[in-house]
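A.B. asks:
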Amino acid sequence: MADASRLCTIQPCACVTFSVCCAAASTETACESATRCDADKVHFELGSGDGRLNFLAVCEPYLVKRSVGIEVDVEMVERARTKWEAVSRTIKANSDGDESGERVHFLHADLMQDDDIDLTDCTVLTMYFVEEALLRLRPMLERALSGSGCRVVTNGYAMPGWTEVESTSCMGLPLYLYIL
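9 is the number of the first residue of the sequence shown in this note's numbering; add one for each residue after it.
Right under this line is the structure:
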């Protein structure tokens, strides 16, 4: 159970709120510093869960062109899609022609089994996996992204065999940045 004194609210858009065990400002600062996201970027989150990082990526200050979440748990994918549908309706109702509802997509896939995940457009990739999983994902990521200049951020664990170009920490969890 999370320590209630460490719970805070992240509100990436006016109509999206998540309670998480971290400091919102620290998380956003660390994400911004590590990913350098902007409107030219296409973000992928491997192991996207309920989509909170995808929601954050398309909102200020990041405003990526598109964010794709890939998750093995079909219930989490449906939960993320449902929440995003509600969010995008609210965004569209409060703006003139904003197409942000079409900027977030969630895919159901098993990254450990499907090594043909299309990462062609990916310019920023984030993930939070233990070392064993990172080792299993590394060959697929190297095949798909090597030489692309994609910014890869691992949270919690370094990618074995890669050399980070930058590292920082957020609430005691290390973030590692790699450029492929």
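The C-beta atom is built at its ideal place from N, Cα and C for all residues, glycine as well.
Which same chain residues end up closer than 7 Å to Lys-130 when comparing Cβ atoms and leaving out the 5 residues on each side of it in sequence?
C.D. replies: A small fix is needed here, since residue 130 is Cys in this sequence, not Lys. The residues are Val-50, Phe-52, Leu-153 and Cys-158.
A.B. asks: Can you tell me whether Glu-110 is helix, strand or coil according to DSSP?
C.D. replies: Here Glu-110 sits in helix by DSSP.
A.B. asks: When you compare only the Cα positions, how much space is there between Ala-47 and Asp-58?
C.D. replies: Distance between the alpha carbons of Ala-47 and Asp-58 is about 23 Å.
A.B. asks: Express the C-alpha separation of Leu-149 and Asp-124 in angstroms, rounding to a whole number.
C.D. replies: Cα to Cα, Asp-124 sits roughly 10 Å from Leu-149.
A.B. asks: Report buried or exposed for Thr-90, applying the criterion of at least 16 other Cβ atoms within 10 angstroms of its Cβ.
C.D. replies: That one is exposed.
A.B. asks: Going by alpha carbons, who is nearest to Ser-56 out of Cys-67, Gly-169, Leu-71 and Asp-118?
C.D. replies: Comparing Cα positions, the closest option is Asp-118.
A.B. asks: Measuring straight from C-alpha to C-alpha, what distance separates Tyr-186 and Leu-115?
C.D. replies: Roughly 24 Å between the two C-alpha positions.
A.B. asks: Quick one: what's Ile-187 bridged to in DSSP?
C.D. replies: Ile-187 is bridged to Arg-159.
A.B. asks: Taking the beta strand (DSSP E) that Glu-174 belongs to, which residues open and close that run?
C.D. replies: It spans 174–178 - the beta strand (DSSP E) in which Glu-174 sits, taken as one unbroken run.
A.B. asks: How is Met-135 classed by DSSP in three states: helix, strand or coil?
C.D. replies: Three-state DSSP puts Met-135 in a strand.
A.B. asks: Measure the alpha-carbon distance for Asn-163 versus Arg-97 and round it to whole angstroms.
C.D. replies: Roughly 31 Å between the two C-alpha positions.
A.B. asks: Helix, strand or coil: which one does DSSP assign to Leu-145?
C.D. replies: Of the three classes helix, strand and coil, the one that applies to Leu-145 here is helix, per DSSP.
A.B. asks: Which same chain residues end up closer than 7 Å to Val-138 when comparing Cβ atoms and leaving out the 5 residues on each side of it in sequence?
C.D. replies: Tyr-165, listed in sequence order.
A.B. asks: If distances are taken between C-alpha atoms only, which option among Val-160, Gly-180 and Pro-168 comes closest to Glu-174?
C.D. replies: Closest option to Glu-174, Cα to Cα, is Val-160.
A.B. asks: Is Met-120 closer than 8 Å to Arg-144 when the C-beta atoms are compared?
C.D. replies: In contact: Arg-144 and Met-120 (Cβ atoms closer than 8 Å).
A.B. asks: Distance cutoff 8 Å, beta carbons only. Does Arg-60 sit that close to anything in chain C?
C.D. replies: Within the model displayed, chain C is absent; a lone protein chain is all it includes.
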